[in-house]
Amino acid sequence: MNYYGTEKHKEDMKKLDEQIFSKIRFDKPKREKELESGYIVRYYYYADEENCKPGYAPVDGEVCRLFKGDKQVFEWKNTDGNSRLACIIHHADGNTYFVFDEDLYGYSVLNLDTLQSMHYIPAESHGKYPEEFKETFIWCDCFYNSQNDLLAVDGCFWACPGDVIVLDFKDPLTAVEPKDWISIYSRCECDDLDLDDIEFDRWDADTLVCKATGAEPVAFNLEGKCRIRFI
Numbered sequence: 001m002n003y004y005g006t007e008k009h010k011e012d013m014k015k016l017d018e019q020i021f022s023k024i025r026f027d028k029p030k031r032e033k034e035l036e037s038g039y040i041v042r043y044y045y046y047a048d049e050e051n052c053k054p055g056y057a058p059v060d061g062e063v064c065r066l067f068k069g070d071k072q073v074f075e076w077k078n079t080d081g082n083s084r085l086a087c088i089i090h091h092a093d094g095n096t097y098f099v100f101d102e103d104l105y106g107y108s109v110l111n112l113d114t115l116q117s118m119h120y121i122p123a124e125s126h127g128k129y130p131e132e133f134k135e136t137f138i139w140c141d142c143f144y145n146s147q148n149d150l151l152a153v154d155g156c157f158w159a160c161p162g163d164v165i166v167l168d169f170k171d172p173l174t175a176v177e178p179k180d181w182i183s184i185y186s187r188c189e190c191d192d193l194d195l196d197d198i199e200f201d202r203w204d205a206d207t208l209v210c211k212a213t214g215a216e217p218v219a220f221n222l223e224g225k226c227r228i229r230f231i
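Numbering (UniProt numbering), first residue to last: 1 to 231.
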């Protein structure tokens, strides 16, 4: 289920608009991220230090703006305050897509040719804690393979080793739910006590090559989708 666009999401965003986003100044971005094809993301940040409880991190957030040259293409709000994901993808369908995050959990996609967009935040990661809450994979970077329409995603589960997930990206504007995100770490045949992190290295034709630290897992086929090997 998608949390984005629900009444609860709208209520939460309204509160954050008052607490965080309305207080952001746009004279100078906190940071910038240069992408390919002349695109750049500028991040404007605010943290509510004044109302921060002792021993807790402040509530924060970012307004993020995507530019091509001097022209602003798109703007979105990130409730995490430390946006990680910003990737340009040239898809086999002939369109160019921008993959980004609006929350600690989930992912969003913008078609840069039509400006159509898809926004997905797993509802289970916004359930009442602890009885209705479930961790989902945190996206940090992604890598598309036009030969098989698969997307490999670098990231992790909270406070867990680095991992790579694989998902079908044939239709970028249709959300793929976490049940269909395949974790490479969980499929490795080796002693998990020795295996520290898995990280994306490259696509080699239809083979996904990953870096493994602490141990070198055995290569395997991923459910008829692609071959996985390690370095």
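Using N, Cα and C, we set each Cβ at its ideal position, and we do this for glycine too.
The DSSP-derived three-state label of Gln72 is strand. Around the beta carbon of Ile231, a 10 Å sphere encloses fewer than 16 other beta carbons of the protein chains shown; the residue is thus reported as exposed.
Three or more Cβ pairs closer than 8 Å define a contact, and the segment 30-49 falls short of that threshold against the segment 1-11.
Taking a 10 Å sphere around the C-beta of Pro217, we find 16 or more other C-beta atoms and assign the residue as buried. Rounded to the nearest whole angstrom, the C-alpha separation of Leu115 and Thr79 is 22 Å. By the criterion of a C-beta distance shorter than 6 Å, Ala47 is surrounded in its chain by Pro58 and Asp60, once the five residues flanking it on both sides are discounted. Contact check for Leu66 against Tyr39 passes: the beta carbons are separated by less than 8 Å. Nearest neighbour of Tyr43 by Cα position, chosen from Phe26, His119 and Lys53, turns out to be Phe26.
For Lys33, the enclosing beta strand (DSSP E) begins and ends at Arg31 to Glu34. Of the candidates Glu11, Leu222 and Pro29, Leu222 places its Cα closest to the Cα of Ile182.
Separation of the CB atoms of Pro172 and Pro122 is rounded to 18 Å, and the pair is thereby denied contact status at 8 Å.
By a beta-carbon distance limit of 8 Å, Gly162 contacts Asp197. Their separation comes to about 4 Å.
If you draw a straight line from the Cα of Val109 to the Cα of Tyr144, it comes to about 13 Å. According to DSSP, residue pairing for Thr213 in a beta bridge involves Asp197. The C-beta distance from Asp201 to Lys211 rounds to 5 Å, short enough to meet the 8 Å contact threshold. Contact annotation: Met118 and Ala175 have beta-carbon atoms nearer than 8 Å.
Fully contained in the segment 9-71 are the following beta strand (DSSP E) runs of length 3 or more, in chain order: 31-34, 39-47 and 60-68. Judged by DSSP secondary structure, Thr96 falls within the beta strand (DSSP E) whose first and last residues are Thr96 to Phe100. Assignment of beta-bridge partners to Asn111 by DSSP yields Tyr97.
With a threshold of 16 other beta carbon atoms within 10 Å, Thr136 meets it and is buried.
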